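Quick note on numbering: the sequence shown equals residues 19 to 267 in this note's numbering.
Since the structure comes first, as structure tokens, the remarks are kept for the end.
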Amino acid sequence: MRKKLVAANWKMNGSKALVQSLAEGLKAGLPSLENDVNIAIIPPALYIADVQRELAETQCGFGVQNIARWEQGAYTGEISSAMAADSGCGFALVGHSERRQLFGETDEAVADKVRQAMCHGLVAIVCVGETLEERNSGSANAVVAQQLQGCLQGVDGAQWKNIVVAYEPVWAIGTGKTATAKDAQAMHKHMRQLLAELGAPAEDITLLYGGSVKPDNAAELFAEPDIDGGLIGGASLNSDDFISICKSL
Ligand code: PEP
């Protein structure tokens with residue numbers, strides 16, 4: 019049975035006060051969840067300890083929004099996988115499209131980050147997805163295939179259980195535009211076939227959809243057979259909306 023997962027990417031938003039009130043809102047709403055959804059809260063790194071404190075004793079796991087491609091050393095400003103694990107994080111987002119677009123992150127860099135995450139027992143949430151131009155030109159499947167091959171080369175054996183893939187069409191992130199449930203399902207099915215070709219136990223790998231998921235579209239997306247949950251940006255900054263999305267799974 020694949021694990022269901024909803025991950026909250028708070029991005030570079032908030033303040034200590036906002037993070038505190040968001041965490042309090044989640045703590046109040048979590049007991050109303052009756053499904054077996056796993057939850058990962060991924061705040062700005064400086065606030066992880068605050069969120070962990072507030073949500074201790076809940077079912078939430080925690081994660082970082084990015085990790086270094088290196089083990090340790092003179093990399094000013096970077097956070098290593100070892101540090102994330104040491105700080106009680108179980109998840110690391112890697113290859114988010116904002117990092118690819120704004121920070122020039124390549125598939126090769128993402129592959130290094132995946133390797134680091136595997137070395138330290140983190141679950142890597144590997145983000146892939148095409149731009150609008152690529153979708154309109156009919157190359158979305160090929161783009162995602164290349165990203166998956168590039169980012170997951172070298173993953174092997176038992177490491178696959180620590181891989182989650184998030185399909186996030188770039189044109190849907192933060193735009194209010196969502197892939198239709200049918201289009202998202204088609205891409206997820208394609209990704210599962212690609213994962214099998216890469217030697218993964220594809221039927222066991224959790225695949226997330228991300229891109230303007232909201233309380234009013236989550237259920238339709240999550241009803242698709244190959245969509246095992248969501249990576250939620252904007253809507254995760256409202257605890258009621260996030261809980262409502264978790265209930266839809
Ligand atoms: C994201 O940043 O991963 C994301 C999916 O954002 P949003 O939900 O705001 O589109």
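Heads up, the beta-carbon is just placed ideally off N, CA and C, and yes, glycines get one too.
Note that the coordinates shown come from a computational prediction; the quantities given were computed from them, not determined experimentally.
Asked                                                                                                                                                                    : Found
Does Gly143 come out as helix, strand or coil in the three-state DSSP assignment?                                                                                        : Checking the sequence shown, residue 143 turns out to be Ile, not Gly. Residue state, collapsed to three classes: strand.
Using alpha carbons as the reference points, say which of Arg210, Ala102 and Glu242 lies closest to Val162.                                                              : Arg210
DSSP beta-bridge partners for Cys107?                                                                                                                                    : According to DSSP, Cys107 bridges with nothing at all.
Does Ala25 come out as helix, strand or coil in the three-state DSSP assignment?                                                                                         : strand
Within 7 Å: the Cβ of Ser262 and any heavy atom of ligand 1?                                                                                                             : no
Could you give the distance in angstroms between the alpha-carbon of Asp244 and the alpha-carbon of His206?                                                              : 6 Å
Could you check how far apart the C-beta atoms of Phe142 and Ala135 are, in whole angstroms? I think they sit under 8 Å.                                                 : Reading off the sequence shown, one finds Ala at residue 142, where the question assumed Phe. Right, the Cβ-Cβ distance comes to about 4 Å (below 8 Å), so this counts as a contact.
If distances are taken between C-alpha atoms only, which option among Val24, Met101 and Glu89 comes closest to Leu64?                                                    : Met101
Check Gly248 in the structure and name its three-state DSSP category.                                                                                                    : strand
For Leu165, count neighbouring Cβ atoms within 10 angstroms of its own Cβ and tell me buried if that reaches 16, exposed if not.                                         : First, the amino acid is wrong: residue 165 is Gln here, not Leu. Answer is buried; the Cβ neighbour count reaches 16.
Given this structure, state the Cα-to-Cα distance separating Gly217 from Gln171, to the nearest angstrom.                                                                : 10 Å
Exposed or buried, what is Tyr227 when buried is set at 16 or more other beta-carbons lying within 10 Å of its beta-carbon?                                              : buried
Rounded to a whole number of angstroms, what is the C-alpha to C-alpha distance between Val82 and Phe109?                                                                : 6 Å
Can you list, in chain order, the residues of its chain with a C-beta nearer than 7 Å to that of Val24? Leave out the 5 residues immediately preceding and following it. : Val55, Ile57, Gly247, Gly248, Ile250, Ile263, Cys264 and Leu267
Please report the distance separating the alpha-carbon of Thr124 from that of Ser39.                                                                                     : 36 Å
Alpha carbons only, please: which of Asn154, Gln119, Phe80 and Pro219 is nearest the one belonging to Ala26?                                                             : Phe80
Straight-line CA distance for Asp234 to Gly91?                                                                                                                           : 45 Å
Please identify the residue among Glu72, Gln203 and Gly32 whose C-alpha is closest to the C-alpha of Glu42.                                                              : Glu72
Would Pro49 be called buried (16 or more neighbouring beta carbons within 10 Å of its own) or exposed?                                                                   : exposed
Please say whether Asn159 and His208 have beta carbons closer to each other than 8 Å?                                                                                    : yes
To test your reading of the DSSP string, which unbroken beta strand (DSSP E) runs of 3 or more residues are found completely within the stretch 149-207?                 : 181-185
Taking the Cβ atom as the reference point for each residue, do Ile261 and Leu51 lie within a distance shorter than 8 Å?                                                  : yes
Under the criterion of a Cβ to heavy atom distance below 7 Å, does His208 qualify as lining ligand 2?                                                                    : Inclusion of ligand 2 in the displayed structure is not the case, the ligand content consisting of ligand 1 alone.
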